[in-house]
Amino acid sequence: MAANGDAARSSAPVAYITGGASGMGLAVAQEMAAKGWNLTIVDLNEKSISAVEASFDPNRTTFIKADVTDYEAQAKAFAQTWDKWHRLDVVFANAGIGDRIDFLAPATKFLPNLPGVPAKPDELVIDICLNAMVYSAYLALHFFRQNPSKAGKIVFTSSMCGLYPGDSIPLYTAAKHGIVGLTRALAKRLRIVGEPITVNCICPGLVDTGLTGVLMSVCPPEYVTPRSTIVRAVMGFAEDDSLSGQVAECSVDKIHYRKQPEYGDAEAEYIMTNKLEAALKARGV
Numbered sequence: 000m001a002a003n004g005d006a007a008r009s010s011a012p013v014a015y016i017t018g019g020a021s022g023m024g025l026a027v028a029q030e031m032a033a034k035g036w037n038l039t040i041v042d043l044n045e046k047s048i049s050a051v052e053a054s055f056d057p058n059r060t061t062f063i064k065a066d067v068t069d070y071e072a073q074a075k076a077f078a079q080t081w082d083k084w085h086r087l088d089v090v091f092a093n094a095g096i097g098d099r100i101d102f103l104a105p106a107t108k109f110l111p112n113l114p115g116v117p118a119k120p121d122e123l124v125i126d127i128c129l130n131a132m133v134y135s136a137y138l139a140l141h142f143f144r145q146n147p148s149k150a151g152k153i154v155f156t157s158s159m160c161g162l163y164p165g166d167s168i169p170l171y172t173a174a175k176h177g178i179v180g181l182t183r184a185l186a187k188r189l190r191i192v193g194e195p196i197t198v199n200c201i202c203p204g205l206v207d208t209g210l211t212g213v214l215m216s217v218c219p220p221e222y223v224t225p226r227s228t229i230v231r232a233v234m235g236f237a238e239d240d241s242l243s244g245q246v247a248e249c250s251v252d253k254i255h256y257r258k259q260p261e262y263g264d265a266e267a268e269y270i271m272t273n274k275l276e277a278a279l280k281a282r283g284v
């Protein structure tokens, strides 16, 4: 695998998109393709890939069927992206699913060696909506640093459930809250150490995707967020070097940039604003 290769470096920007063969990921991919980007579109659903692959320029787009929860599968997809274009500008970590269990329902499966004790719950939603995005971000940092500019942009898909409690989908809510925290923490650290890498996330409301079919059948249309709002938010992050640590709540046709909660008191601010870390460094710890 090539680590550099300026002679073969793409003149067009390059994006890596997970969950890119349908829904919000596809809408962003289509917008980027229309603007001349080169794309790697990663998706696990082979039918979704087959349905849209022909609509993209094969010379500018690579479709990869991969399970984003498999670190090595993502690593290979990143490596394939780099080897083809020798640059990476944006990573849109977007793949997601909803809760697969009712967390409050009485257990129906039990550990064979511990009769009466519930078996491990299905936590695939956390693997996809949080852990896989950690993988995407970790790999993004590595490949961004191979760019001559050392720069790049990470955009995560969180959710309104990353801001408010989605009581019927608690595991999804936990994962999406995690993405908001990851966004703010990574952006802050990268800014402190002086790396030209931005990290932002979107928090969509109800969008018409493959995950929301039942909800779409009952939700009044005036409360549905169109994909165009998502595209506007993501492209804003993809095209603006000055935005980092932003949490963009996407509600119908509006984008609200949500600030972190205020510190409860001076003690909390001291601990969480790197003053404690600075004190440790001053002592050589």
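Under numbering that gives the first Met the number 0, the first residue of the sequence shown carries the number 0, and numbering increases by one thereafter. Virtual Cβ for every residue (Gly too), placed ideally from N, Cα, C. Here the structure is a predicted model, which is why all the values come from computation and not from measurement.
Between Pro195, Gly115 and Val41, which lies nearest to isoleucine 153 when the distance is taken from Cα to Cα? Pro195
Tell me which same chain residues have a C-beta within less than 7 Å of the C-beta of lysine 64, skipping the five on either side of it? Asp42, Leu43, Glu45 and Ile48
Quick one, are the C-beta atoms of isoleucine 96 and leucine 123 less than 8 Å apart? yes
Proline 203 - containing alpha helix (DSSP H), residue span: Not the alpha helix (DSSP H): proline 203 falls in the beta strand (DSSP E), residues 196-203.
From leucine 189 to asparagine 58, what distance separates their C-alpha atoms? Those two C-alpha atoms are separated by around 33 Å.
Could you give the distance in angstroms between the alpha-carbon of leucine 242 and the alpha-carbon of alanine 232? 11 Å
So if DSSP puts cysteine 249 in a beta bridge, which residue, or which two residues, is it bridged to? Pro203 and Ile254
If you follow the alpha helix (DSSP H) that phenylalanine 236 is in, where does it begin and where does it stop? 226-238
Hey, could you find the ends of the alpha helix (DSSP H) alanine 277 is sitting in? 274-281
Look at asparagine 289 and tryptophan 84 and say whether their C-beta atoms are less than 8 Å apart. The chain is shown only over 0 to 284; residue 289 falls outside these bounds and no answer can be derived.
Separation of threonine 224 from isoleucine 254, as counted between CA atoms: 10 Å
So what does DSSP say about valine 285, is it helix, strand or coil? The structure shown does not extend to residue 285, since the chain spans only 0 to 284, so no value can be given for it.
Mind checking which residues open and close the beta strand (DSSP E) that includes leucine 181? That residue, leucine 181, is in no beta strand (DSSP E); its alpha helix (DSSP H) goes 169-192.
What's the C-alpha gap between valine 246 and valine 27? 18 Å
From glycine 4 to glutamine 145, what does the alpha carbon distance come to, in whole angstroms? Confidence at glycine 4 is low in this model, with a pLDDT of 48, below 50, so its placement is unreliable and the value that follows should be read with caution. Using only the alpha carbons, I get a separation of about 10 Å.
Distance, serine 158 Cα to glycine 165 Cα: 10 Å
Check whether the Cβ atoms of glycine 22 and threonine 208 lie closer than 8 Å to each other. yes
Alanine 11 and glycine 35 - do their beta-carbons sit closer together than 8 Å? yes
Enumerate in chain order the residues of its own chain whose CB-to-CB distance from alanine 118 is below 8 Å, with the five nearest sequence positions on each side excluded. Ala106, Lys108, Phe109 and Leu110
With DSSP collapsed to three states, give me the class of leucine 38. If DSSP states are grouped into helix, strand and coil, leucine 38 belongs with the strands.
Between valine 67 and valine 133, what straight-line distance do the alpha-carbon atoms span, to the nearest angstrom? Taking the straight line joining both Cα atoms gives about 10 Å.
Report the start-end ranges of each beta strand (DSSP E) in the region 123-160 that is 3 residues or longer and not cut off at the edges. 151-156
Proline 219: which of Val251, Val198, Ile191 and Thr17 sits nearest, CA to CA? Looking at Val251, Val198, Ile191 and Thr17, the one whose alpha-carbon comes closest to that of proline 219 is Val251.
For threonine 61, which residues does DSSP report across the bridge? Thr39
Tell me whether alanine 53 sits in a helix, a strand or coil according to DSSP, three-state version. helix
How many whole angstroms separate the CB atoms of alanine 184 and valine 89, which I take to be in contact at a CB cut-off of 8 Å? At roughly 20 Å, the Cβ-Cβ gap does not stay under 8 Å, so alanine 184 and valine 89 are not in contact.
Inter-residue Cα distance where the pair is aspartate 69 and phenylalanine 62: Distance from the CA of aspartate 69 to the CA of phenylalanine 62, rounded to the nearest whole angstrom, comes to 17 Å.
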